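A.B. asks:
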Amino acid sequence: MKHSDPPEKENTNNSSDTNFIRQAIEEDLKANRYDGRVHTRFPPEPSGYLHIGHAKAICISFGIAEDFGGLYNLRFDDSNPLTEESEYVEGIKRDVRWLGFDWKAREYHASDYFETLCEYAVKLIEKGKAYVCDLTPEEMRSYRGTLVEAGKDSPYRDRSIEESLTLFRGMRDGEFPDGSRTLRAKIDMSSPNLNMRDPVMYRILRAHHYRQGDDWCIYPTYDFTHGQSDSIEGVTHSLCDVQFEDHRPLYDWFLEELEIYQPRQIEFARLNLTYTVLGKRKLKVLVEEGHVSGWDDPRLPTLSGMRRRGYTPEAIRDFCNRIGVSKADNLIEMGQLEYSIRDDLNRRAPRVMAVLNPVKVIIDNYPEGQVEMLDAENNPEDENAGTRQIPFSREIYIEREDFMEDPPRKFFRLAPGREVRLKHAYYIQCERVVKDENGEIVEIHCTYDPETRGGWSEDGRRVRGTLHWVSDEHALDAEVRLYDSLFTEREPESTADGADWMQFLNPNSLEILSDCKVEPSLVEATPENRYQFLRMGYFCLDPDTSSEKLVFNRTVPLRDSWAKIQRGQK
RNA sequence: AGGGCGGUGGCCAAGCGGUAAGGCACAGGUCUUUGGAACCUGCAUGCGUAGGUUCGAAUCCUACCCGCCCUGCCA
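Residues 76 to 645, numbered by the numbering used here, are exactly what the first sequence covers, in order.
#1: Are H499 and V509 touching if we call contact CB-CB under 8 Å?
#2: By the 10 Å Cβ neighbour count, where 16 or more other Cβ atoms means buried, how is F329 classified, buried or exposed?
#3: List the DSSP bridge partners of Y472.
#4: Would you tell me roughly how many angstroms separate the C-alpha atoms of D650 and A490, rounded to the nearest one?
#5: T559 and N581 look like a contact to me (Cβ under 8 Å); what is the Cβ gap, rounded to whole Å?
#6: Would you mind working out which of K131, L497 and Y218 sits nearest L609, comparing C-alpha positions?
#7: Closest by CA to E470, which one among D477, E494, I437 and D481?
#8: Between the Cα of T630 and the Cα atoms of H543, G144, Q607 and S636, which residue gives the shortest distance?
#9: Using only CA atoms, which one of F478, D404 and C315 lies nearest to T541?
#10: Look at the Cβ atom of L269, then the Cβ atom of T349, and state whether they are nearer than 8 Å.
#11: Would you be able to state if there are at least three C-beta pairs under 8 Å between the stretch 297-305 and the stretch 244-251?
#12: Which of the three DSSP states, helix, strand or coil, is assigned to L625?
#13: Under 8 Å, do E165 and S122 count as touching if we go by C-beta distance?
#14: Helix, strand or coil for L358? Go by DSSP, reduced to three states.
#15: Rounded to a whole number of angstroms, what is the C-alpha to C-alpha distance between Y277 and W291?
#16: Following the continuous alpha helix (DSSP H) through F394, name the residue where it begins and the one where it ends.
#17: Let me check understanding here. Comparing Cα to Cα, which of Y206, M215 and W178 lies closest to C134?
#18: Which of the three DSSP states, helix, strand or coil, is assigned to S32?
#19: Mind checking who H126 pairs with in its DSSP beta bridge?
#20: Quick one, are the C-beta atoms of R286 and D153 less than 8 Å apart?
#21: Measure the C-alpha to C-alpha separation of V446 and Y502 and round it to an integer number of angstroms.
#22: On the three-state DSSP scale, how would you describe W637?
#23: Measuring only the C-alpha atoms, how far is L633 from M611?
#24: Can you find the residues in the same chain that come closer than 7 Å, C-beta to C-beta, to D511, ignoring five residues on each side of it along the sequence?
#25: Could you check the C-alpha separation between G710 and P212 for me, to the nearest Å?
#26: Tell me whether H114 sits in a helix, a strand or coil according to DSSP, three-state version.
#27: Excluding the five sequence neighbours on either side, which residues of its own chain have a C-beta within less than 6 Å of the C-beta of S584, listed in chain order?
#28: Please list, in chain order, all residues of the same chain as A460 whose beta carbon is under 8 Å from its beta carbon, the five residues on each side excluded.
#29: Residues in the same chain with beta-carbon distance under 8 Å from N421, minus the five sequence neighbours each way, listed in chain order, please.
#30: May I have the straight-line CA-CA distance separating S217 from Q318, to the nearest angstrom?
#31: Verify whether the separation of the beta carbon atoms of C395 and K639 is less than 8 Å.
#32: Considering Cα atoms alone, identify which of H549, Q340 and G354 is closest to R346.
#33: Where do the N-terminal and C-terminal ends of the alpha helix (DSSP H) with V197 fall, by residue?
#34: How long is the line joining the alpha carbons of V362 and S379, rounded to whole angstroms?
#35: Identify, in the order they occur along the chain, each residue of the same chain with its Cβ nearer than 7 Å to the Cβ of Y386, setting aside the five sequence neighbours on each side.
#36: Evaluate the contact criterion for the stretch 399-413 versus the stretch 522-532: three or more CB pairs, one atom per stretch, below 8 Å.
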């Protein structure tokens with residue numbers, strides 16, 4: 076792989092082209108450190124689904140490789156048979172592919188290196204750098220020492236090489252019970268870096284591995300697997316979370332003692348997002364305890380949830396580019412993510428009309444039984460999007476909140492005596508309202524001006540408000556699901572009083588509107604299509620849709636300066 | 001308390017000894033057949049604090065303060 080040109084800038088509004096990792100790689104290239112190669116990897120454990128934090132990591136590792144004309148691997152770090160399943164590897168692959176990355180044939184599994192890893196272990200034993208230890212887990216913990224006190228050498232530490240070799244073979248051959256012995260690296264029990272205090276390399280564990288079946292009863296630990304896997308794959312730059320900074324000396328120690336190829340590890344800060352949680356274990360709790368409907372619940376920051384909600388891969392990648400890369404702790408505001416999805420969908424999503432909280436409008440002077448087909452542009456941001464025809468008739472629905480009997484100043488919508496424009500249709504003026512016995516408005520009677528077809532008048536009359544609407548007779552019924560943040564706290568995991576994050580679950584994170592009216596063109600909607608419901612936000616069809624019922628998810632509302640004005644008036 | 005890593009506006013983030021980029025948010029305004037979008041303007045005499053070096057410091061030095069991570073046979 077020959078490197079020549081600096082990374083291309085695909086977006087000038089980001090700092091990704093100058094981040095410290097790219098700088099380090101440029102320097103390595105200049106120094107010809109890896110023969111001009113750039114080869115990265117993304118190493119998930121198949122024990123859960125990917126979330127937006129993983130998307131950041133993927134965009135960094137794969138994005139850098141792409142920009143430098145290098146290669147990238149997708150490797151499953153599957154050294155713990157207790158938590159891993161094929162279902163997750165399939166889910167992860169689907170999500171990475173959806174994000175738009177193609178790892179070609181470079182799909183690897185650390186479990187495929189088990190035999191090699193075993194040979195590595197034997198080599199370290201032979202060098203006197205590893206030993207079989209008979210300490211129980213409790214004993215090992217007490218021998219380890221504390222953050223401030225050195226640990227003590229295990230009584231088995233000076234066992235002969237031959238004995239350790241025999242014992243390790245016995246471990247592998249299933250001669251000892253689970254957990255009875257471990258293979259440990261012989262490093263330094265007094266190291267201030269706890270990872271260097273004779274870490275465990277192998278454990279005895281009779282568990283079925285989703286790929287290796289029952290071939291093994293010993294499994295390597297992550298620390299004895301990860302670095303060597305990168306080495307075996309010829310990875311040049313192992314980009315990871317800052318939490319592994321402390322492990323780097325250990326990985327380097329293994330690689331040096333093993334005398335094998337050594338990649339360069341560079342750490343960056345993981346993503347944190349306001350009003351949600353991103354820990355894999357926490358997401359699992361939410362799913363397993365039924366607080367959400369599944370891993371793809373649209374309220375979750377999982378990629379499958381975001382996909383179902385209507386997020387596009389382009390928006391997610393744009394977001395990842397915009398937030399930058401550094402080592403400092405960060406908490407990105409949800410608004411940043413919303414900006415990226417709105418920016419993308421504004422340009423691409425066709426506009427349609429849908430009334431979420433319908434109230435009937437009767438146009439008294441419109442001929443009964445008449446139907447007109449009106450031209451409507453599909454997307455004012457895209458000249459090539461074309462137009463469609465929408466039916467107009469005497470009885471229509473408008474948004475309940477677009478009418479007020481006694482409106483405040485600055486309310487530019489429908490009210491008694493007021494004239495507004497029906498988008499793509501006519502000007503209408505409110506004449507009177509009909510209420511039911513509870514005082515609820517059931518009908519708004521209006522008159523229309525036939526001279527304003529298309530929503531325009533020759534006389535230069537100015538109309539401030541424009542409403543969306545759907546024709547009663549032609550409308551499709553739909554359910555619309557509105558989402559709010561999953562948590563009520565900006566940082567549910569670290570509030571001032573240290574309360575448990577679960578208590579901040581937002582009870583109103585899902586609002587179901589079951590009596591919505593949408594324009595007829597939406598019969599053709601599929602979950603892949605995203606729409607702007609005019610003035611309401613961006614929506615997409617949910618897979619829960621059946622032949623009886625259309626179901627839409629609100630991806631994100633439009634920015635709403637009217638809501639802001641209202642807030643200011645209160 | 002030991003080790004590792006951080007601290008630049010409300011949230012991110014450039015900056016690499018020559019006098020604080022950019023984005024999001026926010027505030028005004030223009031325009032508008034979406035109260036959307038777009039466009040314009042404003043938004044750090046200041047870079048955790050205190051000293052020092054220098055003609056010149058966010059950048060170098062010293063001390064201190066604060067935050068995060070590390071005591072699984074999880075990854």
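Built from N, CA and C at the ideal position, the CB exists for glycine as well.
Since we're looking at a predicted model, the values are computed, not measured.
C.D. replies: Let's see:
#1: Translated into the one-based positions of the first sequence, residue 499 becomes position 424. Translated into the one-based positions of the first sequence, residue 509 becomes position 434. In this structure, H499 keeps its C-beta atom at 8 Å or more from the C-beta atom of V509.
#2: Stepping through the first sequence from its first residue, residue 329 is reached at position 254. So F329 ends up on the buried side.
#3: Looking up residue 472 in the first sequence gives position 397. Y472 is bridged to K435 and V545.
#4: An answer regarding residue 650 cannot be provided, because it is not within the stretch 76 to 645 covered by the chain.
#5: For the purposes of this step, residue 559 is identified with residue 484 of the first sequence, where counting begins at 1. For the purposes of this step, residue 581 is identified with residue 506 of the first sequence, where counting begins at 1. Note on identity: in this sequence residue 559 is Asp, with Thr being the wrong assignment. Correct: roughly 6 Å between the Cβ atoms.
#6: One-based indexing of the first sequence puts residue 609 at position 534. Minimum Cα distance to L609 is reached at L497.
#7: Translated into the one-based positions of the first sequence, residue 470 becomes position 395. Distance from the Cα of E470 is smallest, within the candidate group D477, E494, I437 and D481, for I437.
#8: Stepping through the first sequence from its first residue, residue 630 is reached at position 555. Looking at H543, G144, Q607 and S636, the one whose alpha-carbon comes closest to that of T630 is Q607.
#9: In the first sequence, counting from the first residue as 1, residue 541 sits at position 466. The shortest CA-to-CA distance from T541 to any of F478, D404 and C315 is the one to F478.
#10: Numbered from its first residue, the first sequence carries residue 269 at position 194. Numbered from its first residue, the first sequence carries residue 349 at position 274. Result no, Cβ atoms of L269 and T349 do not sit closer than 8 Å.
#11: Result no; under three Cβ-Cβ pairs closer than 8 Å.
#12: In the first sequence, residue 625 corresponds to position 550, counting from 1. Note: L625 maps to strand in three-state DSSP.
#13: The sequence position of residue 165 within the first sequence is 90, counting from 1. The sequence position of residue 122 within the first sequence is 47, counting from 1. Between E165 and S122, the CB-CB gap reaches or exceeds 8 Å.
#14: Walking along the first sequence from the start, residue 358 turns up at place 283. The answer is helix: DSSP assigns L358 an H, G or I state.
#15: Translated into positions along the first sequence, residue 277 becomes position 202. Translated into positions along the first sequence, residue 291 becomes position 216. Each residue's CA atom was taken as its position, placing Y277 and W291 some 11 Å apart.
#16: The residue you call residue 394 lines up with position 319 of the first sequence. Counting along the chain, the unbroken alpha helix (DSSP H) around F394 starts and ends at P388 to I398.
#17: By one-based count along the first sequence, residue 134 stands at place 59. Checking every option, the nearest Cα to that of C134 belongs to W178.
#18: Nothing about residue 32 can be reported from this structure: the residues present for the chain run from 76 to 645 only.
#19: Numbered from 1 along the first sequence, position 51 holds the residue referred to as residue 126. H126 is bridged to T377.
#20: Position 211 of the first sequence holds residue 286. Position 78 of the first sequence holds residue 153. In contact: R286 and D153 (Cβ atoms closer than 8 Å).
#21: Residue numbering aside, residue 446 sits at position 371 when the first sequence is read from its first letter. Residue numbering aside, residue 502 sits at position 427 when the first sequence is read from its first letter. Rounded to the nearest whole angstrom, the CA to CA distance from V446 to Y502 is 17 Å.
#22: Counted from its first residue, the first sequence places residue 637 at position 562. Here W637 sits in helix by DSSP.
#23: As a working mapping, residue 633 is identified with position 558 in the first sequence. As a working mapping, residue 611 is identified with position 536 in the first sequence. Between L633 and M611, the C-alpha separation is close to 6 Å.
#24: Sequence index remark: in the first sequence, residue 511 carries index 436 (1-based). The residues V517, in chain order, have a CB closer than 7 Å to that of D511 in the same chain once the five nearest residues on each side in sequence are set aside.
#25: No statement about residue 710 is possible, as the shown extent of the chain runs from 76 to 645 and does not include it.
#26: Numbered from 1 along the first sequence, position 39 holds the residue referred to as residue 114. If DSSP states are grouped into helix, strand and coil, H114 belongs with the strands.
#27: Position 509 of the first sequence, counted from the start, is the residue given in the question as residue 584. Cβ within range, chain order: R374, D559 and L561.
#28: In the first sequence, the residue the question calls residue 460 occupies position 385. Hits under 8 Å: P425, E452, N453 and N454.
#29: As a working note, residue 421 is residue 346 in the first sequence. By the criterion of a C-beta distance shorter than 8 Å, N421 is surrounded in its chain by E456 and Q607, once the five residues flanking it on both sides are discounted.
#30: Along the first sequence, read from residue 1 onward, the residue named residue 217 stands at position 142. Along the first sequence, read from residue 1 onward, the residue named residue 318 stands at position 243. Between the alpha carbons of S217 and Q318 lies a distance of about 24 Å.
#31: Here the question's residue 395 lines up with position 320 in the first sequence. Here the question's residue 639 lines up with position 564 in the first sequence. The answer is no: Cβ separation not under 8 Å.
#32: Translated into the one-based positions of the first sequence, residue 346 becomes position 271. Reading the sequence as shown, one finds Leu at residue 346 and not Arg. Checking every option, the nearest Cα to that of L346 belongs to G354.
#33: Stepping through the first sequence from its first residue, residue 197 is reached at position 122. Counting along the chain, V197 sits inside the alpha helix (DSSP H) bounded by residues F189 to E201.
#34: In the first sequence, counting from the first residue as 1, residue 362 sits at position 287. In the first sequence, counting from the first residue as 1, residue 379 sits at position 304. V362 and S379 have their alpha carbons spaced roughly 13 Å apart.
#35: Taking the first sequence and counting its residues from 1, one reaches residue 386 at position 311. Hits under 7 Å: I416 and T630.
#36: No contact exists between the stretch 399-413 and the stretch 522-532.
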